[in-house]
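To start, the structure under review is shown below, and the notes come after it.
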Amino acid sequence: MITGISIYEILTVTSILFFIGVYGFITRTNLISILISVELILNAAVVNFVIINKYLFPEVLQGVYFSIFIIAVAAAETALAVSIIINLYRQISSVEVKDIETMKY
Amino acid sequence: MERIIFYCLAIAIIVFAIASVTSRKMLRSVVYLSFVLISIAGIFFLVDYNFLAAIQLTVYAGGIVVLIIFSVLLVHHIEMELEMARASKKILTAIACLIGLGVFLTAIYSYDFNVAGNSLTTTTSDIGNGLLNYGAGGFILPFEVISVLLLAAMIGSIVIAKGKKLTEKNNPAP
């Protein structure tokens with residue numbers, strides 16, 4: 018644990034980070050920006066897992082394992098999202114959300 | 356000393372995250388995202404999980420940011436400015452996010468966390484032993500599943516990114 022820092026302050030920082038990600042996810046109109054916001058949200062979750070593990074149960078490592086799995090899933094998700102974005106750009110020459118309607122019906 | 360470092364990291368995380376979701380230049384927003392990820396790695400170093408901080412630096416700040424920068428450079432013109440949402444939508448979303456943040460913070464601050472005082476160092480071999488452990492509390496099965504997931508995601512992204520050419524080659528025109 019960090020000397021002099023309580024768990025409340027760290028959880029405050031991660032909550033703020035999570036809601037900044039949610040704000041970006043809703044207001045952005047570009048697929049890559051939405052991907053960036055999702056990364057912020059996932060990172061807030063990872064920090065929460067690690068901090069709660071370290072402060073409340075320092076003798077087990079479950080939070081660390083879950084953080085590793087979240088990071089791996091995020092890497093796979095980013096690779097898939099980038100390939101979908103590039104394929105879309107090839108087909109319709111745009112990555113704006115409002116232009117994408119080929120998979121709607 | 357650790358207090359000062361933590362406050363610097365927290366301010367850096369919040370400021371760069373806000374800059375990342377509001378910047379109108381695409382590439383700058385990705386660079387701000389990488390600053391956020393590096394500051395989070397600093398927090399992992401502060402709580403003494405060195406292996407996790409190394410993973411954060413290599414996979415996130417190394418791999419994912421480079422991947423996003425590649426897609427930005429392939430898709431966008433660097434000088435192009437992003438289209439922004441309407442002001443009314445932005446204000447509504449900001450209000451909703453602030454209400455949600457208030458709910459989160461009241462829930463967190465009203466709960467009495469039972470903080471364990473002792474602080475022991477975790478070595479990388481502890482993490483590896485737990486991941487490859489068959490016994491109770493071992494994580495061998497999720498470890499296998501995550502490797503299969505990574506393989507499937509890589510094959511899927513290659514097939515999707517190749518797209519049309521692959522199917523044309525498979526079905527030659529009569």
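First to last, the sequence lines map onto chains A and B. Its first residue numbered 18, the first sequence is counted upward by one per residue in the numbering used here. Its first residue numbered 356, the second sequence is counted upward by one per residue in the numbering used here. Backbone N, C-alpha and C define an ideal beta-carbon position, used for all residues, glycine too.
Q) Could you check where the alpha helix (DSSP H) with residue 25 of chain A kicks off and where it finishes? A) Translated into positions along the first sequence, residue 25 of chain A becomes position 8. Counting along the chain, the unbroken alpha helix (DSSP H) around residue 25 of chain A starts and ends at 24-44.
Q. Can you tell me the Cα-Cα spacing of residue 104 of chain A and residue 516 of chain B, whole angstroms?
A. The residue labelled residue 104 of chain A in the question sits at position 87 within the first sequence. The residue labelled residue 516 of chain B in the question sits at position 161 within the second sequence. If I take the Cα positions, the gap works out to 5 Å.
Q. Does residue 47 of chain A come within less than 8 Å of chain B when only Cβ atoms are used?
A. As a position in the first sequence, residue 47 of chain A is number 30, starting the count at 1. Interface residue, yes.
Q. My guess is that residue 416 of chain B and residue 97 of chain A are in contact by the Cβ rule of under 8 Å, so how many angstroms apart are they, rounded?
A. Here residue 416 of chain B refers to the residue found at position 61 of the second sequence. Here residue 97 of chain A refers to the residue found at position 80 of the first sequence. Rounded, the Cβ-Cβ distance is 20 Å, inconsistent with contact.
Q) Closest Cβ-Cβ distance between residue 417 of chain B and chain A: below 8 Å? A) Against the second sequence, residue 417 of chain B aligns to sequence position 62. Not closer than 8 Å to any Cβ of chain A, the Cβ of residue 417 of chain B fails to qualify, so no.
**Q.** Where residue 56 of chain A falls: helix, strand or coil (DSSP)
**A.** Here residue 56 of chain A corresponds to residue number 39 of the first sequence, with the count starting at 1. Residue 56 of chain A falls in the helix class under three-state DSSP.
Q. Closest to residue 54 of chain A by CA distance: which of B/414, B/411, B/399, B/423 is it?
A. Taking the first residue of the first sequence as position 1, residue 54 of chain A is located at position 37. The option with the nearest alpha carbon to residue 54 of chain A is B/423.
Q: Sort out for me which residues DSSP pairs residue 380 of chain B with in a bridge.
A: Stepping through the second sequence from its first residue, residue 380 of chain B is reached at position 25. In DSSP, residue 380 of chain B forms a bridge with B/436.
Q | Whole-angstrom C-beta distance between residue 419 of chain B and residue 93 of chain A, which should lie under 8 Å | A | By 1-based counting over the first sequence, the position of residue 93 of chain A is 76. By 1-based counting over the second sequence, the position of residue 419 of chain B is 64. About 10 Å separates the two Cβ atoms, so there is no contact after all.
(Q) On the DSSP bridge list, what partners appear for residue 113 of chain A? (A) In the first sequence, residue 113 of chain A corresponds to position 96, counting from 1. Beta-bridge pairing links residue 113 of chain A to A/47.
**Q.** Cα-Cα separation between residue 380 of chain B and residue 436 of chain B, rounded to whole angstroms
**A.** Counting from one through the second sequence, the residue named residue 380 of chain B turns up at place 25. Counting from one through the second sequence, the residue named residue 436 of chain B turns up at place 81. Looking at the two C-alpha atoms, the distance is approximately 5 Å.
Q) Enumerated in chain order, which unbroken segments of the alpha helix (DSSP H) with a length of 4 residues or greater are wholly contained in the region 453-494 of chain B? A) 479-486
Q: Starting from the beta carbon of residue 485 of chain B, find every residue of chain A whose beta carbon is closer than 9 Å, and list them in chain order.
A: Position 130 of the second sequence, counted from the first residue, corresponds to residue 485 of chain B. Near residue 485 of chain B (Cβ distances below 9 Å), the residues of chain A are 77, 78, 79, 81, 82.
Q) With a CB to CB cut of under 8 Å and the five nearest residues on each side skipped, what residues in its chain are close to residue 400 of chain B? A) Here residue 400 of chain B refers to the residue found at position 45 when the second sequence is read from its first residue. Correct list, in chain order: 408.
Q: Starting from residue 428 of chain B, trace the alpha helix (DSSP H) both ways and give me its first and last residue.
A: For this step, residue 428 of chain B is matched to residue 73 along the second sequence. Boundaries of the alpha helix (DSSP H) harbouring residue 428 of chain B: 420-430, taken from the DSSP string.
(Q) In the DSSP assignment, the alpha helix (DSSP H) including residue 78 of chain A goes from what residue to what residue? (A) One-based indexing of the first sequence puts residue 78 of chain A at position 61. Segment: none, residue 78 of chain A is in no alpha helix (DSSP H) and carries neither H nor E.
Q. To which residues of the same chain is residue 404 of chain B closer than 7 Å at the C-beta, ignoring the five residues directly before and after it?
A. By 1-based counting over the second sequence, the position of residue 404 of chain B is 49. Only 477 meet the Cβ criterion.
Q. Given a limit of 7 Å on CB to CB distance, which residues of the region 450-476 of chain B reach chain D?
A. In summary, chain D is missing from the structure at hand, where the protein chains are A and B.
Q | Contact belief for residue 73 of chain A with residue 469 of chain B at Cβ below 8 Å, rounded distance in angstroms | A | Within the first sequence, numbered from 1, the residue matching residue 73 of chain A stands at position 56. Within the second sequence, numbered from 1, the residue matching residue 469 of chain B stands at position 114. That belief holds up - the Cβ atoms of residue 73 of chain A and residue 469 of chain B are roughly 6 Å apart, short of 8 Å.
Q. Should residue 89 of chain A be flagged as near chain B, meaning a C-beta pair shorter than 8 Å?
A. Position 72 of the first sequence, counted from the start, is the residue given in the question as residue 89 of chain A. Yes - at least one Cβ of chain B is within 8 Å of the one on residue 89 of chain A.
Q. Between residue 28 of chain A and residue 369 of chain B, which are expected to be in contact by the criterion C-beta below 8 Å, what is the C-beta distance as a whole number of angstroms?
A. Residue numbering aside, residue 28 of chain A sits at position 11 when the first sequence is read from its first letter. Residue numbering aside, residue 369 of chain B sits at position 14 when the second sequence is read from its first letter. Contact doesn't hold; Cβ gap of about 14 Å is too wide.
Q: Could you tell me the boundaries of the alpha helix (DSSP H) in which residue 407 of chain B lies?
A: Within the second sequence, residue 407 of chain B is the residue found at index 52, counting from 1. From DSSP, the alpha helix (DSSP H) with residue 407 of chain B extends over 405-410.
**Q.** Assigned secondary structure, residue 370 of chain B (DSSP; H/G/I helix, E/B strand, else coil)
**A.** Start at 1 with the first residue of the second sequence, and residue 370 of chain B comes out as number 15. Helix at residue 370 of chain B.
Q. Is DSSP giving residue 356 of chain B helix, strand or coil here?
A. Your numbering for residue 356 of chain B matches position 1 in the second sequence. Reduced to three states, the DSSP call for residue 356 of chain B is coil.
Q.
Does the CB of residue 93 of chain A have a neighbour CB from chain B at under 8 Å?
A. Translated into positions along the first sequence, residue 93 of chain A becomes position 76. Yes, residue 93 of chain A lies at the interface with chain B (some Cβ there is under 8 Å from its Cβ).
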